[in-house]
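Numbering (UniProt numbering), first residue to last: 1 to 409. One structure is given below, encoded as structure tokens.
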Ligand SMILES: Nc1ncnc2c1ncn2[C@@H]1O[C@H](COP(=O)(O)OP(=O)(O)O)[C@@H](O)[C@H]1O
Ligand SMILES: [Mg+2]
């Protein structure tokens, strides 16, 4: 008779993670407690001052936040608005906030639907917000109604705002009060961007209402990156981190541009690699390998929704970069290489024009870089030069993880 209390799986269920104690502390989405936020005291208090009127139901100042990736923009915006919401609740101010990731909601209608659904309490308002089927204007009307009937003041975080298509939603939201769309509810916008050039794309009226306050988040130095990681050390079991792990991960991330996201990615990946090795400690070589893995993961994520044709174009650029000392390449050379790749993958080639459209789209998404247009001699017109933002090996490994690009092809 088998003992029902002992399955062979028990030993697996019973085993504990030998490396991580609280891995979620290293998740990029994780919002750490205030005491784990390092070196952002000034930014936190500036932003808090900027939205301060909201606590008593006044209009928060619209604020633009700039800074490179991993400088804590999203974190600080979420942290400060969350704290404002909690504080206001105790003061009987009906303050609500919404977070929009503009890489996910890119069109005006998507943003308005997401906001209306986020602020709505259908049992109270009797207003429904269907996921599709209404005109953009009808969605705006429902949003304004929801805001006036439920909230004194709302704060809207538009993260990665440069990915929004068009300015209209910024115009509508930033001027809703003046334009008489809202009777009582006040709206404050926190717009966050990695690109300072984002401002150039804005209509002057939108810019002046969005830019009541403006902050730039500087990169972290190696000391700050070390502190940020030290304050998450309890993600690991006691004693598994070798002494040189955090300083090395900090040095790598500081080389990049002082990117805390990179630092935490490297640390998490190093732990995973140690686990895969059945190692009882995370060591320097895990960190070195994790660095490359973090680059590849980041790049794969950027590319994941791209069509095969676009991947082929990036792959073409990476082969050129691999084979020469040059870094920037004109469209004609990329196109020749691209056609060889589509041939060997046995898929259709786009025309050169259409491939260039794809390259420009990829440059917009920061998947590759493009130089300003340069003259190519009299009568020859102008052409762009494209370059990789990552090591060719990283780019190729990321693309080859798509089975359509497997070496068998
Ligand atoms: N000052 C900081 N202290 C602690 N962790 C930080 C700090 N800045 C950033 N991080 C962490 O680094 C990662 C990237 O930060 P994030 O706010 O997403 O950067 P950004 O929005 O500027 O790209 C997140 O996991 C975040 O928790
Ligand atoms: Mg961010």
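Note that CB positions come from ideal geometry on N, CA and C, so glycine has one too. Note that this is a predicted model, so its numbers are computed, not measured.
*Touch test, the stretch 2-17 against the stretch 31-49, Cβ-Cβ under 8 angstroms, three pairs minimum*: no
*asked:* Just to confirm the assignment, what range does the alpha helix (DSSP H) spanning residue 364 have?
replied: 352-364
*Using DSSP bridges, identify the partner residues of residue 405.*
According to DSSP, which records beta bridges pairwise, residue 405 is partnered with nothing at all.
_Quick check on the burial criterion: 16 or more other C-beta atoms within 10 angstroms. Buried or exposed for residue 144?_
Residue 144 is buried by the Cβ-count criterion.
*Using DSSP with H/G/I as helix, E/B as strand and the rest coil, what is residue 279?*
Three-state DSSP puts residue 279 in coil, outside helix and strand.
*Are the beta-carbon atoms belonging to residue 210 and residue 174 less than 7 angstroms from one another?*
yes
*Check the Cβ-Cβ distances between residue 363 and every residue of chain B, and say whether any is below 7 angstroms.*
The structure shown contains no chain B; it holds only a single protein chain.
_Which residue wins for smallest C-alpha separation from residue 114, given the options 146, 25, 89, 90?_
146
*In chain order, what residues of the same chain have a beta carbon less than 7 angstroms from the beta carbon of residue 103, not counting five sequence neighbours either side?*
160, 163
_Let's test the definition: count the other Cβ atoms within 10 Å of the Cβ of residue 122 and tell me whether it reaches 16, buried, or not, exposed._
exposed
*Could you spell out where the beta strand (DSSP E) holding residue 65 opens and where it closes?*
63-67
*asked:* DSSP has residue 302 in a bridge; who is on the other side?
replied: DSSP output for residue 302 lists no bridge partner at all.
_Proximity winner among 191, 200, 224, relative to residue 212 (alpha-carbon distances)_ = 191
*asked:* Output needed for residue 347: all residues of its chain with C-beta closer than 7 angstroms, excluding positions within five of it in sequence on either side, in chain order.
replied: 308
*Start and end of the beta strand (DSSP E) containing residue 186?*
186-193
*What's the gap between the Cα of residue 110 and the Cα of residue 141?*
About 14 angstroms.
_Pocket of ligand 2 (residues with CB nearer than 6 angstroms to any heavy atom), chain order_ = 73, 74, 159
*In terms of residues, what are the limits of the beta strand (DSSP E) holding residue 236?*
From DSSP, residue 236 is part of no beta strand (DSSP E); its letter is neither H nor E.
*Should residue 364 be labelled buried (16 or more other beta-carbon atoms within 10 Å of its own) or exposed?*
exposed
*asked:* At a threshold of 6 angstroms, does residue 39 count as lining ligand 1 (C-beta to nearest heavy atom)?
replied: yes
*With contact counted as at least three CB pairs below 8 angstroms, one residue from each stretch, are the stretch 289-304 and the stretch 347-358 in contact?*
no
*Minimum C-alpha distance to residue 282 - residue among 247, 310, 257*: Among 247, 310, 257, the Cα nearest to that of residue 282 belongs to 247.
*Please report the Cβ distance between residue 421 and residue 405, rounded to the nearest whole angstrom; I am assuming they are in contact, meaning their Cβ atoms lie under 8 angstroms.*
In this structure the chain extends from 1 to 409, so residue 421 is not present and cannot be described.
*Check whether the Cβ of residue 70 lies closer than 6 angstroms to any heavy atom of ligand 1, and answer yes or no.*
yes
*Kindly examine ligand 1 and report whether one of its heavy atoms sits closer than 6 angstroms to the Cβ of residue 175.*
no
_Report the CB separation of residue 59 from residue 188 in whole angstroms; it is logged as a contact under 8 angstroms._
6 angstroms
*Span of the alpha helix (DSSP H) around residue 213*: Residue 213 -> not in any alpha helix (DSSP H); beta strand (DSSP E) instead, spanning 213-217.
*Report all residues from its chain with a CB closer than 7 angstroms to the CB of residue 384; omit the five preceding and five following residues, and keep chain order.*
Correct list, in chain order: 331, 370, 371, 373.
*Whole-angstrom Cβ separation of residue 270 and residue 286, contact assumed at under 8 angstroms?*
A Cβ-Cβ separation of about 4 angstroms places residue 270 in contact with residue 286 under the 8 angstroms criterion.
_Pair within 7 angstroms by beta-carbon distance, residue 76 and residue 34_ = no
*So, is residue 70 buried or exposed, given that buried needs 16 or more other C-beta atoms within 10 angstroms?*
buried
*For residue 158, does the three-state DSSP call read helix, strand or coil?*
strand
*Classification of residue 95 by the beta-carbon crowding that lies within 10 angstroms, buried from 16 upward*: buried
*Quick one: grab the DSSP three-state call for residue 139.*
helix
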